[in-house]
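Asks: Handing you this structure, nothing more for now.
Have a look at this one:
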């Protein structure tokens, strides 16, 4: 063997035992799940950076006052959070404490003593989220079960169900504003006589306005829930129903033992998306009524942003924490049940 051949052979051997070969062998030894997560690492890094930076920036701003460019920002630490929970900043958002006046006195939430307008906004947001998501899930599930069947005109029914979801938010808000206006709304008189809404100043009554906003949200976004749940129903193996019929299972037993368990992951995803979106309710409130009548956490952020950006950042950060906690609970339950 010549000197050149020996050199080429040594060079190839060195390359075979170099870092690239070691990395290749390491990748080959990875399991399928680990390799799949490895491929997602760049996406996690990009999305994490995009999502994490605004959150950290918001937390930084919440540590200051006077961050509007009119002077040097003053570092106050957690004072904005203390003022927010104790009601010291109520004048920054007038009118919000009118919601549910009989329960706006100081009260202790778990681990936190909350007073004033922040407590009112927290009650409104959680109440709106629970009620709207519950009814949207139930009604959407029913619509999905109907759309999952074969019948004449199913395409037209699907289009009719999607129409409310396709209507722009501004138009939707104006529709419900005119429907429930004290002087021009044709539904106000009937619901007022039934004791559901206030007979006068319907859109300026906190509880009545919250009911109207909740109805408007259910009307619009039920279609979103129906489409997501329908996607889960379409993935169910139809042969399971044939076996169940042969075994003599009733329709209720088929639904309880086949449909419901197999579609629960899709329902969980739909509930997660809607919960996150409902916790950020603002536009519909502002168009239909006003943030001073139906205060939500997002309304607090918008209304205080131009006057006290540090306080607005504190509210936004706490809201993000609540949404994150709720999302983690739903995700945990999904994985626990074998999602």
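Residue numbers (UniProt numbering): 1 to 339. Using N, Cα and C, we set each Cβ at its ideal position, and we do this for glycine too. Bear in mind that the values here come from a model prediction, so they are computed numbers and not experimental data.
1) Output the residue ranges of the alpha helix (DSSP H) runs that lie fully inside the stretch 283-338 and measure 4 residues or longer, sorted by chain position.
2) Per DSSP, residue 65 forms a beta bridge with which residues?
3) Kindly list the residues whose CB is nearer than 8 Å to the CB of residue 127, restricted to its own chain and excluding five residues on each side of it in sequence; keep chain order.
4) Let me make sure I understand the geometry here. Which of 279, 270, 216 and 36 has the alpha-carbon closest to that of residue 124?
5) To the nearest angstrom, report how far apart residue 42 and residue 25 are at their CA atoms.
6) Three or more beta-carbon pairs under 8 Å between the stretch 270-279 and the stretch 320-332, yes or no?
7) Give the range of the alpha helix (DSSP H) segment to which residue 209 is assigned.
8) Which residue comes first and which comes last in the alpha helix (DSSP H) that contains residue 250?
9) Rounded to the nearest angstrom, what separates residue 281 and residue 134 at their Cα positions?
10) What is the residue span of the alpha helix (DSSP H) that residue 80 lies within?
11) With DSSP run on the structure shown, which of helix, strand or coil describes residue 153?
12) For the alpha helix (DSSP H) holding residue 257, just list the boundary residues, first then last.
13) Classify residue 265 as helix, strand or coil using the three-state DSSP reduction.
14) Buried or exposed for residue 229, please, with buried defined as at least 16 other CB atoms from any protein chain shown within 10 angstroms of its CB.
15) Which of the three DSSP states, helix, strand or coil, is assigned to residue 180?
16) When the Cα atoms are used, what is the spatial distance from residue 332 to residue 51?
17) Based on Cα-Cα distance, which residue from 22, 32, 295 and 256 lies nearest to residue 119?
18) Count the other C-beta atoms from every protein chain shown that fall within 10 angstroms of the C-beta of residue 201, then say buried if there are 16 or more, exposed otherwise.
19) From this set, 224, 309, 48 and 317, which residue's C-alpha is nearest residue 138's C-alpha?
20) Measuring CA to CA, which of 33, 49, 65 and 27 is closest to residue 305?
21) Under 8 Å, with one C-beta from each stretch per pair, do the stretch 204-218 and the stretch 156-166 reach the 3-pair mark?
22) Report buried or exposed for residue 117, applying the criterion of at least 16 other Cβ atoms within 10 angstroms of its Cβ.
23) Please return the same chain residues whose Cβ sits closer than 6 Å to the Cβ of residue 283, not counting the five positions on each side in sequence.
24) Which one of 253, 254, 329 and 316 has the shortest CA to CA distance from residue 269?
25) Rank 241, 180, 247 and 246 by C-alpha distance to the C-alpha of residue 260 and give the top, closest one.
26) Are the CB atoms of residue 30 and residue 38 within a distance shorter than 8 Å?
27) Verify whether the separation of the beta carbon atoms of residue 403 and residue 262 is less than 8 Å.
28) Would you decide whether residue 318 is buried or exposed? Buried here means 16 or more other CB atoms lie within 10 Å of its CB.
29) Helix, strand or coil: which one does DSSP assign to residue 281?
30) Drop a sphere of 10 angstroms on the beta-carbon of residue 174, count the other beta-carbons inside from all chains shown, and report buried for 16 or more, exposed for fewer.
31) Thinking C-beta only, is residue 82 closer than 8 Å to residue 63?
32) Should residue 153 be labelled buried (16 or more other beta-carbon atoms within 10 Å of its own) or exposed?
33) Three-state secondary structure (DSSP) at residue 238?
34) Drop a sphere of 10 angstroms on the beta-carbon of residue 243, count the other beta-carbons inside from all chains shown, and report buried for 16 or more, exposed for fewer.
35) Under three-state DSSP, which class holds residue 48?
36) Given that a residue counts as buried once 16 or more other Cβ atoms are within 10 Å of its Cβ, and exposed if not, what is residue 287?
Replies: Quick answer:
1) Runs of the alpha helix (DSSP H) inside the stretch 283-338: 283-288, 297-305 and 309-336.
2) For this step, residue 65 is matched to residue 65 along the chain shown. Residue 65 is bridged to 74.
3) For the purposes of this step, residue 127 is taken as the residue at position 127 of the chain shown. Apart from sequence neighbours up to five positions away, the residues of its chain that approach residue 127 with a beta-carbon distance below 8 Å are 210, ordered along the chain.
4) The residue you call residue 124 lines up with position 124 of the chain shown. Considering only alpha carbons, the answer is 279.
5) Numbered from 1 along the chain shown, position 42 holds the residue referred to as residue 42. Numbered from 1 along the chain shown, position 25 holds the residue referred to as residue 25. Here the alpha carbons of residue 25 and residue 42 stand approximately 21 Å from one another.
6) By the C-beta criterion, the stretch 270-279 is judged to be in contact with the stretch 320-332, since at least 3 inter-stretch pairs fall below 8 Å.
7) One-based indexing of the chain shown puts residue 209 at position 209. DSSP places residue 209 in the uninterrupted alpha helix (DSSP H) bounded by 206-234.
8) Here the question's residue 250 lines up with position 250 in the chain shown. In the DSSP assignment, residue 250 falls outside any alpha helix (DSSP H) and carries neither an H nor an E.
9) Mapped onto the chain shown, residue 281 falls at position 281. Mapped onto the chain shown, residue 134 falls at position 134. For residue 281 and residue 134, the distance between alpha carbons rounds to 16 Å.
10) Here residue 80 corresponds to residue number 80 of the chain shown, with the count starting at 1. Taken as a continuous stretch (DSSP letters only), the alpha helix (DSSP H) holding residue 80 covers 79-86.
11) The residue labelled residue 153 in the question sits at position 153 within the chain shown. In this structure, residue 153 counts as coil in the three-state DSSP scheme.
12) Taking the chain shown and counting its residues from 1, the one referred to as residue 257 is at position 257. Here residue 257 belongs to no alpha helix (DSSP H), and DSSP marks it neither H nor E.
13) One-based indexing of the chain shown puts residue 265 at position 265. DSSP places residue 265 in helix when its eight states are reduced to three.
14) Walking along the chain shown from the start, residue 229 turns up at place 229. Burial call: buried.
15) Counting from 1 along the chain shown, the entry for residue 180 is found at position 180. Coil at residue 180, not helix or strand.
16) Counted from its first residue, the chain shown places residue 332 at position 332. Counted from its first residue, the chain shown places residue 51 at position 51. For the pair residue 332 and residue 51, the Cα-to-Cα distance works out to about 21 Å.
17) The sequence position of residue 119 within the chain shown is 119, counting from 1. The shortest C-alpha separation from residue 119 is found at 295.
18) For the purposes of this step, residue 201 is taken as the residue at position 201 of the chain shown. That one is exposed.
19) Stepping through the chain shown from its first residue, residue 138 is reached at position 138. Cα-wise, what sits closest to residue 138 is 224.
20) Taking the first residue of the chain shown as 1, we reach residue 305 at position 305. Nearest of 33, 49, 65 and 27 to residue 305, Cα basis: 65.
21) These segments do not touch.
22) Position 117 of the chain shown, counted from the start, is the residue given in the question as residue 117. Around the beta-carbon of residue 117, 16 or more other beta-carbon atoms lie within 10 Å, marking it buried.
23) For the purposes of this step, residue 283 is taken as the residue at position 283 of the chain shown. Short of 6 Å from the beta carbon of residue 283, and not among the five residues preceding or following it, lie these beta carbons of its own chain, in chain order: 169.
24) Residue numbering aside, residue 269 sits at position 269 when the chain shown is read from its first letter. If we check each option's Cα against that of residue 269, 329 comes out closest.
25) By one-based count along the chain shown, residue 260 stands at place 260. Taking each of 241, 180, 247 and 246 in turn and checking the Cα distance to residue 260, the smallest one comes out for 241.
26) Mapped onto the chain shown, residue 38 falls at position 38. Mapped onto the chain shown, residue 30 falls at position 30. Yes.
27) The chain is shown only over 1 to 339; residue 403 falls outside these bounds and no answer can be derived.
28) Your numbering for residue 318 matches position 318 in the chain shown. Buried, because 16 or more other Cβ atoms sit within 10 Å of the Cβ of residue 318.
29) Walking along the chain shown from the start, residue 281 turns up at place 281. It is coil, neither helix nor strand.
30) Here residue 174 is taken as the residue at index 174 of the chain shown, counted from 1. Residue 174 should be labelled exposed.
31) Here residue 63 refers to the residue found at position 63 when the chain shown is read from its first residue. Here residue 82 refers to the residue found at position 82 when the chain shown is read from its first residue. Cβ atoms of residue 63 and residue 82: not closer than 8 Å.
32) Here residue 153 refers to the residue found at position 153 of the chain shown. In the assembly as shown, residue 153 is an exposed residue. Its beta-carbon has fewer than 16 other beta-carbons within 10 Å.
33) Taking the chain shown and counting its residues from 1, the one referred to as residue 238 is at position 238. Note: residue 238 maps to coil in three-state DSSP.
34) By one-based count along the chain shown, residue 243 stands at place 243. Under this definition residue 243 is an exposed residue.
35) As a working note, residue 48 is residue 48 in the chain shown. Residue state, collapsed to three classes: helix.
36) Along the chain shown, read from residue 1 onward, the residue named residue 287 stands at position 287. When all chains shown are included, residue 287 counts as buried.
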